[in-house]
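J.:
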Amino acid sequence: MKIRILIAGAILLGGATVVLAFNAFHKKTNPPDREKLIVSMVGLILKRAHYHPKPIDDAFSKEVFYKYLNQLDPQKNIFLQSDLNELKTFEYRIDDEINTNEPLDFFKLANAIFDKRIAEVAQYYPEILSHPFDFHKQDSIVLDSEHQNYPANEQERKEAWYKFLKYKTLDRLVELQSIEEKNKKDSAGYVPKPESVLEAQAREDVKKNMDLFFERIKKTYTEDERFSWFVNAITTTMDPHTEYMPPQDQRYFNEQMSGTFYGIGAVLQQEDGKIKIASIVTGGPAWKQGELKAGDIILKVAQGDSTAVDLAGYSVEDAVKLIRGDKNTIVKLTVRHPDGTIKTIAIQRGEVRIDATFAKSYLIDWDGHRWGIINLPEFYAPFNNGMGGESWKDMQKEVNKLKAEHVDGIIIDLRFNGGGSLSDAINIAGLFVPAGPVVQVRSGDGNIQVLKSHNNQVDYSGPLAVMVNEYSASASEIFAAAMQDYKRAVIVGSPSTYGKGTVQRMIDLDDFYAGNESDLGGPLGSLKITIQKFYRINGGSTQLKGVSSDIVLPDNYFSVGERTDSDAMKWDQIAPASYTTWSQPVDVPFLKALSEKRLDTSRIFHLINENIAYLKKMDKVKTYPLNIDAYKAWQQQNQQAIKRMDEVNKMVPSIDIHYLPVDESYINADSTRKMIYRDLMRSYVHDPYLMETLHVMSDMLHEPTLKQAPKLTKSN
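According to numbering that gives the first Met the number 0, the stretch in the sequence shown is residues 0 to 715, in order.
#1: Got a sec, what are the start and stop residues for the beta strand (DSSP E) Tyr534 sits in?
#2: Return the bridge partner residues of Ile550 from the DSSP annotation.
#3: Please determine, among Ile127, Tyr166 and His130, the residue with the shortest C-alpha to C-alpha distance to Val141.
#4: Could you tell me which residues DSSP pairs with Met237 in its beta bridges?
#5: Where DSSP assigns a beta bridge to Lys451, which residues make up the other side?
#6: Starting from Glu126 and walking both ways along the alpha helix (DSSP H), at which residues does that stretch end?
#7: Which same chain residues, not among the five before or five after Gln638, have their C-beta less than 8 Å away from its C-beta?
#8: Inspect the beta-carbon positions of Lys331 and Ala301 and report whether they are closer than 8 Å.
#9: Which word fits Glu469, buried or exposed, when buried means at least 16 other C-beta atoms lie within 10 angstroms of its C-beta?
#10: Are the CB atoms of Glu179 and Pro191 nearer to each other than 8 Å?
#11: When the Cα of Ala700 is compared with those of Asp366, Pro381 and Val398, which residue comes out closest?
#12: Is the beta carbon of Val449 less than 8 Å from the beta carbon of Arg487?
#13: In the region 342 to 404, which residue ranges form an unbroken beta strand (DSSP E) of at least 3 residues, counting only runs that do not cross its ends?
#14: Sorted by chain position, which residues of the same chain lie with C-beta nearer than 7 Å to Tyr243's C-beta, five sequence neighbours on each side aside?
#15: Please state whether DSSP places Leu298 in a helix, a strand or coil.
#16: What residue from Ser129, Ile112, Ile573 and Asp554 has the CA that sits closest to Asn610's CA?
#17: Is the beta carbon of Val546 less than 8 Å from the beta carbon of Ser495?
#18: Between which two residues does the beta strand (DSSP E) holding Asp655 run?
#19: Enumerated in chain order, which unbroken segments of the alpha helix (DSSP H) with a length of 4 residues or greater are wholly contained in the region 170 to 225?
#20: Distance check for Leu86 and His135, CA to CA, integer angstroms please.
#21: If the criterion is Cβ atoms closer than 8 Å, does the pair Ser601 and Ser548 meet it?
#22: Smallest Cα separation from Gln74: which of Gly498, Arg156 and Trp633?
#23: Please classify Asp143: does DSSP put it in a helix, a strand, or coil?
#24: Between which two residues does the alpha helix (DSSP H) holding Tyr676 run?
#25: Would you list the residues sitting across from Met505 in a DSSP beta bridge?
#26: Using three-state DSSP, classify Tyr578 as helix, strand or coil.
#27: Going by DSSP, what residues sit across from Asp412 in a beta bridge?
#28: Taking the C-alpha atoms as reference points, what is the distance between Pro376 and Asp223?
#29: Measuring alpha carbon to alpha carbon, tell me which residue in Phe212, Met466, Pro239 and Gln122 is nearest Gly560.
#30: Quick one: any contact between the region 402 to 419 and the region 474 to 482, if contact means 3 or more CB pairs under 8 Å?
#31: When the Cα of Gln456 is compared with those of Ile675, Ala434, Ser314 and Arg33, which residue comes out closest?
#32: Using the Cα positions of Tyr65 and Ala307, report the straight-line distance between them to the nearest angstrom.
#33: Can you name, in chain order, every residue of its own chain whose Cβ lies under 6 Å from the Cβ of Trp651, other than the five neighbours on each side?
#34: Pull up the distance between the alpha-carbon of Phe533 and that of Gly445, whole angstroms please.
#35: Using only the alpha-carbon positions, how far apart do Phe132 and Glu198 sit?
#36: Are the CB atoms of Asp309 and Thr219 nearer to each other than 8 Å?
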């Protein structure tokens, strides 16, 4: 149950310098092998443009080999050991396929074997789930595939599927029994269903989930999708943040970075394997068209008059990619209304803002003072044709609104902020410190640039705190590090942030092909490649180590940082930049001493520490019982940990947080926006980390350094 981060935010820089340097590598084949062309281009670019390229040799080949097989079969219950033996002839040949004109035989053979094996295992589950399981015999399952071998034969593979399906059914059965027990307590005279009936229902529920799972494999594990996996097995072996993006994924990435896209303006959710409309964005294209309603199930999606795609088995993210598109184009949704009627609705795509992405601020009344908190989910910028908001401008607006409310201090919440635009991180730093260095960037040739804020007029000079956790990455770390190095703000949160200290640039592969794009079946996609590394103004890199908090709070999220990836680039340091620290520097030792004293006597944080210890213990568990009594006992331990966390929330004094008066009409004008603002606000009401940050802010008003006028100090 190791928690792993899926995406650490990118730092992207504009410019065409890298692209121009590669004009010599244009390919002229007629007609080309699209997949081979892409792999060759990616290999050349990695070797010539990556910040610190690894040699694409046999060791590199071996890592790509196992990465790709693990992507296809992460649980090791599809391939057989004989398949691995057959494929191992390519273990040290993938580098030759990248570097030379050799065909992509490994990719093709692995796919052919996968298609054969997935068809075989798809026959297992209906037969296995057609018979009752015996949950009263002593049995167990090992779910740690990392240290397991592939099945030696079909019988061994079938046994692995039997145990896996038994485990899934047991989990569902215990859940159904819990529901029955609750019904018995809530309704006098209610007679719970016997275990045999619930066991049959559990098997049926698992079968429905498996139907959807294999349907999704059939529809979304296409050759194109698997090819993207294969190319990314190559790119991420160079470093975790170098990534190949097919055209559709590149568009989706740009939309997420900008916070604005062209779509229909509807919030989707997955329910019982179906894609459902959760809400309609007021003023958006679907709202204006008027026929699509919350509660509708999307059955199919068509691009204009093209053939509709059945969404059975699709994830929400895959469905979103189909529904979004170019401005003013038509998308047709075949939906089933709650009354059962089915209708095809044509909607013209328009601009939609992702309110959940943008900066939001609230007022907090605490300890006789008024505080402001700004939540910044990411450092967004208009990456797609100038479309989207700019986070630094939005942050400036939020700061000014809080100043107008005469707050005694501002908290910036960067927890779970995965990064984004480097320039926005620099500009936001400039809202709080005078013009000067914010971050240093080193290129692969050793050239170092000191990137500066040019805002001579500081927008806010009062007490400042920055909240972080292990998911605060990339641009978040640049901003937090700058505030720490300038001694401008106190950093509160996890022992360290994520540790992503690299810079990526997007390179369009079509720029390297001199032939006709139609020969290729469409655009080739892009490569997001690591070209630089950034460093704090004190000289240390945020790579791998991240930013250490001044006020350290125990964090439920552990083992998620850059340090968990063996391909991560190493930490190092360069000479510090010349900068002048804040005129009234934060007295970290003073604040730290007071916080540690509170934490030592805090029942709330003692419970959090107990829960973290339990989670770390559970992280080491790889074997799970298939006996119902043993499983319930194991699950009861988990429930006790959950109860401990519930106790934590109940123990946190209610934080008096509310909207800014100037924002209320804007928030209430849109039901989706209102839900987003309300849900975030509710998450703060009993937040122990915010509570301690507020204590620290109160302490800042009594800092010894604030009672005198210290001189400016200069660091070199």
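Ideal placement from N, C-alpha and C gives every residue a C-beta, glycine not left out.
Everything numeric in this text was worked out from a predicted model, so none of it was measured.
T.: The short version:
#1: Residues Ser525 to Tyr534.
#2: DSSP output for Ile550 lists Val491 as bridge partner(s).
#3: Of the listed residues, the one whose Cα sits closest to Val141 is Tyr166.
#4: Note: Met237 sits in no beta bridge, so no partner.
#5: Pro436, per the DSSP bridge assignment.
#6: Tyr123 to Ile127
#7: none
#8: yes
#9: So Glu469 ends up on the buried side.
#10: yes
#11: Ala is not the amino acid found at residue 700; the sequence shown has Leu there. Selected option, being the one with the closest Cα: Asp366.
#12: no
#13: Counting whole runs of 3 or more residues, the region 342 to 404 contains the beta strand (DSSP E) stretches 349 to 352, 359 to 365 and 368 to 374.
#14: Val41, Ser227, Val230, Asn231, Thr234, Gly524 and Leu526
#15: strand
#16: Out of Ser129, Ile112, Ile573 and Asp554, Asp554 has the C-alpha closest to the C-alpha of Asn610.
#17: Their beta carbons are under 8 Å apart, which means Val546 touches Ser495 by this criterion.
#18: Asp655 to His657
#19: Qualifying alpha helix (DSSP H) stretches, in chain order: 194 to 219.
#20: 41 Å
#21: It is not a contact, given that the beta carbons lie outside the stated cut-off.
#22: When only C-alpha atoms are compared, the closest one is Arg156.
#23: coil
#24: For Tyr676, the enclosing alpha helix (DSSP H) stretches over residues Ser670 to Val684.
#25: Met505 is bridged to Lys527.
#26: strand
#27: Asn374 and Met466
#28: 31 Å
#29: Pro239
#30: Counting Cβ pairs under 8 Å, three or more are found: they touch.
#31: Among Ile675, Ala434, Ser314 and Arg33, the Cα nearest to that of Gln456 is on Ala434.
#32: 36 Å
#33: According to the sequence as given, residue 651 is Val; it is not Trp. Cβ neighbours of Val651 beyond the five flanking positions: His685, Pro687 and Met690.
#34: 12 Å
#35: Put simply, the backbone Cα of Phe132 is about 8 Å away from that of Glu198.
#36: Thr219 is positioned such that its CB atom lies no closer than 8 Å to that of Asp309.
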